[in-house]
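J.:
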Amino acid sequence: MEWLHLSEDEWAAVRLSLWVSTIATLVALPFGVFVAYLLARGRFWGKSVLNGLVHLPLILPPVVTGYLLLIAFGRRGVFGAYLESLFGIVFSFRWTGAALACGVMGFPLMVRSIRLSLEAVDGKLEEAAATLGANRAWVFLTVTLPLSLPGIIAGMVLAFAKAMGEFGATITFVSNIPGETQTLSAAIYTLTQVPGGDAGATRLTLVAIVISFSALMASELMAHWAGRRQHHDPVR
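For the sequence shown, the UniProt record's numbering assigns the number 1 to the initial residue and increments by one for each residue that follows.
1. Kindly list the residues whose CB is nearer than 6 Å to the CB of V174, restricted to its own chain and excluding five residues on each side of it in sequence; keep chain order.
2. Please list the terminal residues of the continuous alpha helix (DSSP H) segment that includes P30.
3. With H, G and I counted as helix, E and B as strand and the rest as coil, what does DSSP make of T170?
4. Since I believe V111 is in contact with V27 (beta carbons under 8 Å), could you give me their beta-carbon distance rounded to a whole number of angstroms?
5. Which of helix, strand or coil does DSSP assign to P195?
6. Could you check whether the segment 113-132 touches the segment 190-208, counting it as contact only if at least three pairs of C-beta atoms, one from each stretch, sit closer than 8 Å?
7. How would you label T183, buried or exposed, when you count the other beta carbons within 10 angstroms and need 16 or more for buried?
8. Could you have a look at H55 and say whether DSSP puts it in helix, strand or coil?
9. What does the alpha-carbon distance come out to for the pair A101 and G197?
10. First and last residue of the alpha helix (DSSP H) that includes E180?
11. Going by Cα to Cα distance, which pick from N51, M105, A36 and G80 is closest to I171?
12. Can you tell me which of T65, L141, R41 and L221 puts its alpha carbon nearest to the alpha carbon of A120?
13. Could you compute how far the alpha carbon of G32 sits from the alpha carbon of A199?
14. Which term fits I114, buried or exposed, when burial requires 16 or more other beta carbons within 10 angstroms of its beta carbon?
Next up, the structure:
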């Protein structure tokens, strides 16, 4: 079983992937809820355009998305140059850029899941809360958001899983730097390109399977808990 022991470089890739995927998911979550609410309940000109832009990363080749990120957020990019000069924020060839790329690629999956959950909320419950004097923000926080919690959890897990498996956009935007931007997928790719790297690639593949399966199981448990909580704690 000696071949199952991960090397330090392999552990670094696992830790970086977990860190990048977690940060990408948490940072994208409030934006995902906001955009999903706009698409589910909003009535405005350009709604179809917004929906198309949100889901564009699912259709474009990941390499194209990574290149667009490089143009926009690179050191000499449209936004990247200003972010670096004004706030000292650098994305290109940094783990922060990997998190940005993973967040962008997972964002459509998160938004779609949350949007479907919001659309499934019974509008009569929201109307009842409004008639009792609650404003729109309070109705959203106390009625809509709790009822859509299973969909939010599912969206977070989908975004996390997408981030864990992201490769094309990440390697195009931030390259494949060990210890800095080399995520799990990039490390597996690297090991398959060198002689004798099959054992390491197999180890990391097994790790990826375990992490993904654990995330799915955690999602099921949290969604089950949220459903039971809604059943036993009706909206007041």
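Just so you know, even glycine gets a beta-carbon here, dropped at the ideal spot from N, CA and C.
Since we're looking at a predicted model, the values are computed, not measured.
T.: Taking the definition as stated:
1. F93, G97, A98 and T181
2. E8 to R41
3. helix
4. Wrong, their Cβ atoms sit about 14 Å apart, outside the cutoff.
5. coil
6. no
7. buried
8. helix
9. 27 Å
10. Careful: E180 lies outside any alpha helix (DSSP H) and carries neither H nor E.
11. M105
12. R41
13. 38 Å
14. buried
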